[in-house]
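Engineer:
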Amino acid sequence: MQIPYELALGWRYTRAGRATRRNGFISFISGVSMLGIALGVAALIIVLSVMNGFQKEVRDRMLSVVSHVEIFAPQGAALPDMERTLAEAKRNPQVVGAAPFVAAQALLARGEDMKGALVRGIDPALEGEVTDLAATNLQVLRQLEPGAFRVVLGSELARQLGARVGDAVTLIAPSGQVTPAGVVPRLKQMTVAGTFNSGHYEYDSALVLLHHEDAQRIFRLEGPTGIRLKLQDLHQAPEVAQQLANSLSGVLLIRDWTQQNRTWFAAVQLEKRMMFIILTLIVAVAAFNLVSTLVMTVTDKRADIAILRTLGASPRSIMGVFVVQGAMVGVIGTLAGLLLGLGVAFNIDVIVPAIERALHANFLPKDIYLISKMPSDPQSRDIVPIAVISLILAFVATLYPSWRASRVNPAEALRYE
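Numbering (the UniProt record's numbering), first residue to last: 1 to 417.
Next comes the structure, spelled out in structure tokens:
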């Protein structure tokens, strides 16, 4: 199979500039353009992979405490028919686990220290089906027996109160009870059965776990206030929530995990878009360096263009030669950037510690950040657009110089040769 001469000649021009001293400067500019494209593509892949890694790490830590979908009654009341709601929810093929819960807010006091707390009454036997936190702390949660009035505190909340295992803390319910002396808050002394560490400060500093029957007694509820669900695919949570809203009986509220932290996820997505735009400009600058490279090449090859025209080459063929030359630079730069970016992204857990040891620095101190290791999660939905945009920019940058080459007048070009 014979290769089109436009392709062969364009590839020859790409290589020739590196071998001849006359075209050394053109070759240098071409190499800078290729290197710029490679570094821009690599930087995009690495930055977006690290951002994906941070997002995944925080999301996984958050979902170790938060269930994929929550079904609850309006205004914090008890579910009117928990067994029926539980059975209807389990009919959805995406649901793999379900557990009742009681959600309320209260104050937790020990001595003179008092903190606001998010109280969650759980069933220790079923909670492991819906959250990883319960699955990894089974021994502690088994101590939450009905009537024992024991609690498990977040590690940061326990530290702020100075509470240890076996200490007594006082739970103060927001709604009081009426007495001849007036309305007084309901107080209940609880025993600390243990602590947990989810790695998410918001929950470690506020969450209190106790048995759901004890929570019902304290907050005077007739039953659990909701049901927590775990799905096969957490990304299907919004769709499953919509399906449950159409299939469940009664007036119920349904909330998936993306709604509970919508502001945080929206901020992360906005930051990713801005970083993508900013770093794409690096690729654009490098790609449009091809314009100056090809303009100089066209000027240098005017005699060659004139000879090709006299031999019968059409303006379209001349344009194709220089499009191939510029596109080769773009393709090689993009492929080199992909290899470099993916190599760093997949080995960042080795590269970053090596840099930290060499510089005697710590990029993510444990006492400041939730995550002490640099995470990375390369995703094809980010990598493919990066490669496509890089190739498109390189191709667009070749059009004007190639058009100028096709407009060269053979007689004028050969006059002084």
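Using N, Cα and C, we set each Cβ at its ideal position, and we do this for glycine too.
These numbers were taken from a predicted model, which means no experiment stands behind them.
Compare the C-alpha of Gly-337 against each of Pro-385, Ser-30, Met-34, Pro-4 and name the closest.
Structural biologist: Within the sequence shown, residue 337 is the residue found at index 337, counting from 1. It is Met-34 whose Cα lies nearest to the Cα of Gly-337.
Engineer: Val-321: buried (16+ other C-beta within 10 angstroms of its C-beta) or exposed?
Structural biologist: Mapped onto the sequence shown, residue 321 falls at position 321. Per the 10 Å Cβ criterion, buried.
Engineer: If you follow the alpha helix (DSSP H) that Met-114 is in, where does it begin and where does it stop?
Structural biologist: Indexing the sequence shown from 1 puts residue 114 at position 114. Taken as a continuous stretch (DSSP letters only), Met-114 belongs to no alpha helix (DSSP H), being part of the beta strand (DSSP E) at 113-122.
Engineer: DSSP three-state label for Leu-311, please.
Structural biologist: Start at 1 with the first residue of the sequence shown, and residue 311 comes out as number 311. Correct three-state label for Leu-311: coil.
Engineer: Which runs of the alpha helix (DSSP H) fall wholly inside the stretch 81-114 and span at least 4 residues, in chain order?
Structural biologist: If we require 4 residues or more, the alpha helix (DSSP H) runs fully inside the stretch 81-114 come out as 82-90.
Engineer: Leaving out the 5 sequence neighbours to the left and right, which residues in its chain are closer than 7 Å to Glu-356 when beta-carbon positions are compared?
Structural biologist: For the purposes of this step, residue 356 is identified with residue 356 of the sequence shown, where counting begins at 1. So the list reads Asn-362, Phe-363, once near-sequence residues are dropped.
Engineer: Quick one: what's Glu-70 bridged to in DSSP?
Structural biologist: Against the sequence shown, residue 70 aligns to sequence position 70. Looking at the DSSP assignment, Glu-70 forms a beta bridge with Arg-228, Arg-255.
Engineer: Thinking Gly-333 and Ile-37 are a contact (beta carbons under 8 Å), I'd like their distance in whole angstroms, please.
Structural biologist: Within the sequence shown, the letter at position 333 stands for residue 333. Within the sequence shown, the letter at position 37 stands for residue 37. With 8 Å as the limit, Gly-333 and Ile-37 qualify as a contact, their Cβ atoms being about 3 Å apart.
Engineer: Going by DSSP in three states, Val-208 sits in which element: helix, strand or coil?
Structural biologist: Reading the sequence shown from its first residue, position 208 is the one you call residue 208. Strand.
Engineer: Give the secondary structure of Pro-378 by DSSP, where H, G and I count as helix, E and B as strand, and everything else as coil.
Structural biologist: By one-based count along the sequence shown, residue 378 stands at place 378. Three-state result, Pro-378: coil.
Engineer: List the endpoints of the continuous alpha helix (DSSP H) containing Leu-153.
Structural biologist: As a working mapping, residue 153 is identified with position 153 in the sequence shown. Unbroken run through Leu-153 is the beta strand (DSSP E), 150-154; no alpha helix (DSSP H).
Engineer: Among Thr-131, Gln-242, Asp-377, Thr-280, which one has its Cα closest to the Cα of residue 422?
Structural biologist: As displayed, the chain neither begins before 1 nor continues past 417, which places residue 422 out of reach and without an answer.
Engineer: Going residue by residue through the UniProt domain "ABC3 transporter permease C-terminal" (276-410), where are the continuous alpha helix (DSSP H) segments of at least 4 residues, counting only ones entirely within it?
Structural biologist: DSSP runs (the alpha helix (DSSP H)) wholly in the UniProt domain "ABC3 transporter permease C-terminal" (276-410): 302-310, 315-346, 348-359, 380-406.
Engineer: Quick check: is the beta carbon of Ile-122 nearer than 9 Å to any beta carbon in chain B?
Structural biologist: Here there is only one protein chain, and chain B is not present.
Engineer: Tell me which residue opens and which closes the alpha helix (DSSP H) that Asp-167 is part of.
Structural biologist: Position 167 of the sequence shown, counted from the first residue, corresponds to residue 167. First-last for Asp-167: undefined, no H or E at that position.
Engineer: Apart from the five residues on each side of it in sequence, which residues of its chain come closer than 6 Å, Cβ to Cβ, to Ile-218?
Structural biologist: Residue numbering aside, residue 218 sits at position 218 when the sequence shown is read from its first letter. Excluding positions up to five away in sequence, the list reads Ala-173, Lys-188.
Engineer: So what does Arg-186 bridge to, in DSSP terms?
Structural biologist: One-based indexing of the sequence shown puts residue 186 at position 186. Answer is Ala-173, bridged to Arg-186.
Engineer: Helix, strand or coil: how does DSSP classify Val-130 here?
Structural biologist: If you number the sequence shown from 1, residue 130 lands on position 130. Of the three classes helix, strand and coil, the one that applies to Val-130 here is coil, per DSSP.
Engineer: Just to confirm, are Val-285 and Ala-215 a CB contact at a threshold of 9 Å?
Structural biologist: Translated into positions along the sequence shown, residue 285 becomes position 285. Translated into positions along the sequence shown, residue 215 becomes position 215. Result no, Cβ atoms of Val-285 and Ala-215 do not sit closer than 9 Å.
Engineer: Within 10 angstroms of the Cβ of Val-251, are there 16 or more other Cβ atoms? Answer buried if so, exposed if not.
Structural biologist: Locating residue 251 in the sequence shown gives position 251, counting from the first residue. Exposed, since its Cβ has fewer than 16 Cβ neighbours within 10 Å.
Engineer: Inspect the beta-carbon positions of Phe-276 and Leu-44 and report whether they are closer than 9 Å.
Structural biologist: Position 276 of the sequence shown holds residue 276. Position 44 of the sequence shown holds residue 44. Result yes, Cβ atoms of Phe-276 and Leu-44 sit closer than 9 Å.
Engineer: DSSP puts Val-41 in a beta bridge; with which residues?
Structural biologist: Residue mapping note: residue 41 aligns to position 41 of the sequence shown, counting from 1. None; Val-41 has no bridge partner.
Engineer: Between Gly-326 and Ala-394, is the Cβ-Cβ spacing less than 9 Å?
Structural biologist: Stepping through the sequence shown from its first residue, residue 326 is reached at position 326. Stepping through the sequence shown from its first residue, residue 394 is reached at position 394. Result yes, Cβ atoms of Gly-326 and Ala-394 sit closer than 9 Å.
Engineer: When DSSP labels each residue in this structure, what does Ala-193 get in the three-state scheme?
Structural biologist: Numbered from 1 along the sequence shown, position 193 holds the residue referred to as residue 193. Correct three-state label for Ala-193: strand.
Engineer: With a threshold of 16 other CB atoms inside 10 Å of the CB of Glu-83, please say whether the residue is buried or exposed.
Structural biologist: Working through the sequence shown from its first residue, we reach residue 83 at position 83. Exposed, because fewer than 16 other Cβ atoms sit within 10 Å of the Cβ of Glu-83.
Engineer: Along the alpha helix (DSSP H) that carries Glu-239, what are the first and last residues, could you check?
Structural biologist: Within the sequence shown, numbered from 1, the residue matching residue 239 stands at position 239. Here the alpha helix (DSSP H) through Glu-239 covers 237-247.
Engineer: Between the alpha carbons of Thr-225 and Ala-168, how many angstroms are there, rounded?
Structural biologist: Indexing the sequence shown from 1 puts residue 225 at position 225. Indexing the sequence shown from 1 puts residue 168 at position 168. Taking the straight line from one Cα to the other gives about 26 Å.
Engineer: Determine the direct distance from the alpha carbon of Asn-52 to that of Ala-19, and round the result to whole angstroms.
Structural biologist: Taking the sequence shown and counting its residues from 1, one reaches residue 19 at position 19. Taking the sequence shown and counting its residues from 1, one reaches residue 52 at position 52. Unreliable placement is indicated for Ala-19, whose pLDDT of 45 sits below 50; no coordinate value is reported for it.
Engineer: To the nearest angstrom, report how far apart Ala-306 and Ile-318 are at their CA atoms.
Structural biologist: Counted from its first residue, the sequence shown places residue 306 at position 306. Counted from its first residue, the sequence shown places residue 318 at position 318. Approximately 10 Å, taken between the alpha carbons.
Engineer: Does DSSP put Gly-223 in a helix, in a strand, or in coil?
Structural biologist: If you number the sequence shown from 1, residue 223 lands on position 223. Looking at Gly-223 - three-state DSSP - the assignment turns out to be coil, as it is neither helix nor strand.
Engineer: For the alpha helix (DSSP H) containing Gln-143, name the first residue and the last one.
Structural biologist: Position 143 of the sequence shown holds residue 143. Neither: Gln-143 is in no alpha helix (DSSP H) and is coded neither H nor E.
Engineer: Taking the beta carbon of Pro-401 as the centre, do at least 16 other beta carbons fall within 10 Å, making it buried, or is it exposed?
Structural biologist: Mapped onto the sequence shown, residue 401 falls at position 401. With 16 or more Cβ atoms within 10 Å of its Cβ, Pro-401 is classed as buried.
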